[in-house]
């Protein structure tokens, strides 16, 4: 009888250390495809987002990451996202917030060369961006505001040559835009009244 009690206590004692540690709501999925591997976090969201028809949502179901404009039908991606090539080089890296791209997103080619760096805010391109040539040199840089090019965009045509085009809400401007100081310059000369041209 003593042997049975001792065996039972040892069994209970060993199993108490073998319990799974709770993940505290941090959920990760790993998807292996024919040409890539995806590691994504699906941290539960406290409330469903107000779905907007113009935004693209990323969600997980049936062991796949799906995209849908203006909706979703599964567990929203929420947290870190890393996509790698089969040679283990990064392909895409960024963060999702309630199914929408958020923060800095980077893309690489299969050899590990950076292709682009784009900033996102709630599913909309917003902030600085950079595009790179296959040799790793800077190709284009500028800023997005509400998914549109805004401000100066620099096109690097070679290592020592570049050109700049100014944009306002996605539309290219002729030349450099006037600054606020130029528009409201209180020191510019005004013609004197009463004197005509001869």
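Numbering (my numbering), first residue to last: 7 to 204.
All C-beta atoms, glycine included, are put in the ideal place defined by N, C-alpha and C.
Contacts around residue i, its chain only, beta-carbon distance under 6 angstroms, and the 5 residues preceding and following it disregarded
i: residue 113; result: 98, 121, 122
i: residue 146; result: 137, 161
i: residue 94; result: none
Separation of residue j from residue i, as counted between CA atoms
i: residue 128; j: residue 155; result: 17 angstroms
i: residue 170; j: residue 100; result: 28 angstroms
i: residue 132; j: residue 51; result: 23 angstroms
i: residue 96; j: residue 177; result: 34 angstroms
i: residue 204; j: residue 179; result: With a pLDDT of 49 at residue 204, under the threshold of 50, the predicted position of this residue should be treated as unreliable, though the coordinate-derived value follows. Their backbone Cα atoms lie some 37 angstroms apart in a straight line.
i: residue 47; j: residue 103; result: 10 angstroms
i: residue 182; j: residue 165; result: 23 angstroms
Residues that residue i bridges to, as DSSP identifies them
i: residue 68; result: Paired residues: none, contrary to the question.
i: residue 102; result: 85, 107
i: residue 151; result: 154
i: residue 113; result: 98, 122
i: residue 174; result: 177
i: residue 130; result: 127
i: residue 62; result: 75
i: residue 45; result: 36, 88
Close Cβ partners of residue i (< 7 angstroms) along its chain, the five nearest in sequence each way excluded
i: residue 124; result: 111, 131, 135
i: residue 54; result: none
i: residue 144; result: 136, 138, 162
Beta-carbon separation (whole angstroms), residue i vs residue j, contact threshold 8 angstroms
i: residue 63; j: residue 45; result: The Cβ separation is near 19 angstroms, so there is no contact.
i: residue 33; j: residue 49; result: 6 angstroms
Exposure of residue i, with buried meaning 16 or more beta-carbon neighbours within 10 Å
i: residue 106; result: buried
i: residue 10; result: exposed
i: residue 108; result: buried
i: residue 116; result: exposed
i: residue 148; result: buried
i: residue 69; result: exposed
i: residue 175; result: exposed
Close-in-space but distant-in-sequence residues of the same chain around residue i (CB under 8 angstroms, 5 per side omitted)
i: residue 7; result: none
i: residue 25; result: Here residue 25 scores only 48 on pLDDT, less than 50, and its place in the model should not be relied on; the value that follows carries that caveat. Closer than 8 angstroms at Cβ, skipping near neighbours: no residue.
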